[in-house]
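Anchor point for the sequence shown: position 187 equals 209 in my numbering, and the numbering is continuous, going up by one each time. Using N, Cα and C, we set each Cβ at its ideal position, and we do this for glycine too. Everything numeric in this text was worked out from a predicted model, so none of it was measured. Presented below is the structure to which this report refers.
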Amino acid sequence: MARPKGQLRLGAFFNPTGHHVASWRHPGAQADAGINFKHYVEIAQTAERAKFDMIFLADNICVREANMEALSRSAQYIANFEPITLISALAGVTERIGLTCTASTSYNEPFHVARKFASLDHISGGRAGWNLVTSGMAAEARNFNRDAHFGHAERYERANEFAEIVTALWDSWDDDAFMRDKASGDFFDPEKLHTLNHKGKHFSVRGPLNIPRSPQGHPVIVQAGTSDDGMDVAARFAEVIFGAPLTKEASQTYFKEVKTRAQDKFGRNPDHLKVMPGLSIYVARTEAEANEKFDYQNSLMHPVVAREILSTVLGNVDLTPYDFDGPLPENLPMSNASQSTFKYVTELARKDKLSMRQIAQVVAGARAKMVIKGTPAQVADHMEHWFVDEAADGFNIMPPYLPGSFNDFVELVIPELQRRGLFRTEYTGRTLRDHLGLPRPPSRYTASAKEAAE
Numbered sequence: 023m024a025r026p027k028g029q030l031r032l033g034a035f036f037n038p039t040g041h042h043v044a045s046w047r048h049p050g051a052q053a054d055a056g057i058n059f060k061h062y063v064e065i066a067q068t069a070e071r072a073k074f075d076m077i078f079l080a081d082n083i084c085v086r087e088a089n090m091e092a093l094s095r096s097a098q099y100i101a102n103f104e105p106i107t108l109i110s111a112l113a114g115v116t117e118r119i120g121l122t123c124t125a126s127t128s129y130n131e132p133f134h135v136a137r138k139f140a141s142l143d144h145i146s147g148g149r150a151g152w153n154l155v156t157s158g159m160a161a162e163a164r165n166f167n168r169d170a171h172f173g174h175a176e177r178y179e180r181a182n183e184f185a186e187i188v189t190a191l192w193d194s195w196d197d198d199a200f201m202r203d204k205a206s207g208d209f210f211d212p213e214k215l216h217t218l219n220h221k222g223k224h225f226s227v228r229g230p231l232n233i234p235r236s237p238q239g240h241p242v243i244v245q246a247g248t249s250d251d252g253m254d255v256a257a258r259f260a261e262v263i264f265g266a267p268l269t270k271e272a273s274q275t276y277f278k279e280v281k282t283r284a285q286d287k288f289g290r291n292p293d294h295l296k297v298m299p300g301l302s303i304y305v306a307r308t309e310a311e312a313n314e315k316f317d318y319q320n321s322l323m324h325p326v327v328a329r330e331i332l333s334t335v336l337g338n339v340d341l342t343p344y345d346f347d348g349p350l351p352e353n354l355p356m357s358n359a360s361q362s363t364f365k366y367v368t369e370l371a372r373k374d375k376l377s378m379r380q381i382a383q384v385v386a387g388a389r390a391k392m393v394i395k396g397t398p399a400q401v402a403d404h405m406e407h408w409f410v411d412e413a414a415d416g417f418n419i420m421p422p423y424l425p426g427s428f429n430d431f432v433e434l435v436i437p438e439l440q441r442r443g444l445f446r447t448e449y450t451g452r453t454l455r456d457h458l459g460l461p462r463p464p465s466r467y468t469a470s471a472k473e474a475a476e
């Protein structure tokens, strides 16, 4: 049964030059975007004027180990700002929009992540979000005292323990712990300070966190996993889920399953998880013009880069012995990186009988997320149908190139969504939780005390 029409949630997912692997070559792209703060200020303020719920920044903590000919033709994660530094700077030039960025549970310590995102929440006045990832590349491991990446199961086992520690550290202080009473000399109430003393399989963390409880209580947690292990982390901790299959029917199944798992396995309110899959859009006033934009962007992709990006998502399989205009090789081993992306790419190639070159264009367009093209009405139809039919609560918009394709979406699609009553015309709250319709979580310590009293 379709749900009543309501408000879509929208994130603006900014890769520096855009999400198409050849975005930097577009004449309208900011080629040095990765280290151009003015560029980020402009697109962040554009997103805020359009009333987006949040900005979303991803991250890799390495330069990919790849064919140098291909790598030297790519701008993806080669020369970028560190995201927490960048998003903190953007807090000073924005007022209402949420600010979400990535930190890995494989190559960080829980105390660092808890402290940084609590700080961001204070600095931004309650607009912080943490995108929880486990990392997916062996090159990252070699920057952190390891010869190989953690196995899939171990990554998610660590992620569960890591997130449990981070959320507990965010509750180190009760909301009213700090009196700062100059007359009495009392700065805080010792009874309202809580030491964690966590000792687990992967981490030992005493605590407490040396920063007061933040405006949102907990910064919003975002997670993208669609593997079974990833869905478990999402169902337990996530409040925004950036991940879903690419057909509406499969996404409806995912939408129902992850929310049911959150409720049945972890006792959570399913409405407190917002499923927001990635969506890359080519929009124009006519369908023909939108198709031209799509074809032109794909024409900028160098063949060497196309082969390399497909190899990467398949787990660094050597594709050079194969005809790139032929089918994918049979019996590819499952990648230790993103298993959900591997599964999607291989199944799509088989189902639609796509050549490796054709499937590379799918991956290059938005890293194996949805790509649609059309008029404002056609784009809005797609988004509305997914929303009303419970395949998504909203979308993380992934512009093919920046700033142009994001400006197209803001100028053409946002007004159409607003005309249909699907998207806000003004912010009604101050925090990211307000925008997303999420409650402020009570401290586990005050909640436990209340339960004990009852």
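{"query": "Just to check my reading of the structure: M378 and F346 have Cβ atoms closer than 8 Å, yes? What is that Cβ distance to the nearest angstrom?", "result": "5 Å"}
{"query": "I'd like the list of long-range same chain contacts for L434, defined as Cβ closer than 6 Å, with 5 residues on each side in sequence excluded.", "result": "V305 and P398"}
{"query": "Among H144, F264 and M201, which has the Cα closest to the Cα of K296?", "result": "F264"}
{"query": "Please determine if the stretch 255-264 and the stretch 274-283 are in contact, where contact requires at least 3 C-beta pairs separated by less than 8 Å.", "result": "yes"}
{"query": "Answer with buried or exposed for G207, where buried requires no fewer than 16 other C-beta atoms within 10 angstroms of its C-beta.", "result": "exposed"}
{"query": "Below 6 Å CB to CB, which residues in the same chain sit around S194 once its five sequence neighbours on both sides are set aside?", "result": "H216, G229, P230 and L231"}
{"query": "Whose CA, out of G348, I119 and D75, lies closest to the CA of D374?", "result": "G348"}
{"query": "What would DSSP say about A475, mapped onto helix, strand or coil?", "result": "In this predicted model, A475 has a pLDDT of only 48, less than 50, meaning its place in the structure is not dependable; the value taken from the coordinates is given anyway. Correct three-state label for A475: helix."}
{"query": "Count the C-beta pairs between the stretch 58-75 and the stretch 419-426 that are closer than 8 Å, then say yes if the count reaches three, no if not.", "result": "yes"}
{"query": "Got a sec? Which residues, its chain only, sit under 8 Å from E70 by beta carbon, not counting five neighbours each side?", "result": "T116, E117, R118 and I119"}
{"query": "Starting from I145, trace the beta strand (DSSP E) in both directions and tell me its first and last residue.", "result": "Element bounds for I145: not the beta strand (DSSP E) but the alpha helix (DSSP H), P132 to S146."}
{"query": "Check whether the stretch 28-48 and the stretch 96-104 touch, using three or more Cβ-Cβ pairs below 8 Å as the test.", "result": "yes"}
{"query": "Could you name the residues that DSSP lists as bridge partners for Y304?", "result": "K395"}
{"query": "In three-state DSSP terms, what is A236?", "result": "The amino acid occupying residue 236 in the given sequence is Ser; Ala does not appear at that position. Strand at S236."}
{"query": "Rounded to whole angstroms, what is the Cα-Cα separation between D251 and R307?", "result": "42 Å"}
{"query": "Just checking, does the stretch 80-93 make contact with the stretch 454-471 on the three C-beta pairs under 8 Å criterion?", "result": "no"}
{"query": "Determine the burial state of G443: buried for a count of at least 16 other Cβ atoms within 10 Å of its Cβ, exposed for fewer.", "result": "exposed"}
{"query": "Mark T189 as exposed unless 16 or more other C-beta atoms lie within 10 angstroms of its C-beta, in which case mark it buried.", "result": "buried"}
{"query": "For A272 and V135, what's the separation of their Cα atoms in angstroms?", "result": "33 Å"}
{"query": "Report the three-state DSSP secondary structure of D208 (helix, strand or coil).", "result": "strand"}
{"query": "Does DSSP put W195 in a helix, in a strand, or in coil?", "result": "strand"}
{"query": "Around the Cβ of Y366, are there at least 16 other Cβ atoms within 10 angstroms (buried) or fewer (exposed)?", "result": "buried"}
{"query": "If we count the other Cβ atoms within 10 Å of its Cβ and call it buried at 16 or more, is Y178 buried or exposed?", "result": "buried"}
{"query": "For W152, which beta-bridge partners are listed by DSSP?", "result": "C123 and I243"}
{"query": "Give every residue of the same chain whose Cβ lies closer than 6 Å to the Cβ of P292, excluding the five residues on either side of it in the sequence, and list them in chain order.", "result": "K281, A284 and Q285"}
{"query": "Report back the beta-carbon spacing between I77 and T122 to the nearest angstrom; my notes put them in contact at under 8 Å.", "result": "7 Å"}
{"query": "How should G28 be labelled, buried or exposed, when 16 other C-beta atoms within 10 angstroms of its C-beta is the threshold for buried?", "result": "exposed"}
{"query": "Would DSSP call M23 helix, strand or coil?", "result": "Annotation note: pLDDT 48 at M23 (below 50); position unreliable, coordinate value reported separately. Correct three-state label for M23: coil."}
{"query": "Which of helix, strand or coil does DSSP assign to K281?", "result": "helix"}
{"query": "Please report the residue range of the beta strand (DSSP E) in which I419 lies.", "result": "G416 to I419"}
{"query": "Could you tell me the boundaries of the alpha helix (DSSP H) in which I65 lies?", "result": "F59 to R71"}
{"query": "Do you know how far the Cα of G416 is from the Cα of F209?", "result": "43 Å"}
{"query": "Excluding the five sequence neighbours on either side, which residues of its own chain have a C-beta within less than 6 Å of the C-beta of F184, listed in chain order?", "result": "T127 and P132"}
{"query": "Might you give, ordered along the chain, the residues of its own chain that have their beta carbon closer than 7 Å to the beta carbon of T453, omitting 5 neighbours on each side?", "result": "G148, R149, P237 and Q238"}
{"query": "Using only the alpha-carbon positions, how far apart do F225 and R180 sit?", "result": "8 Å"}
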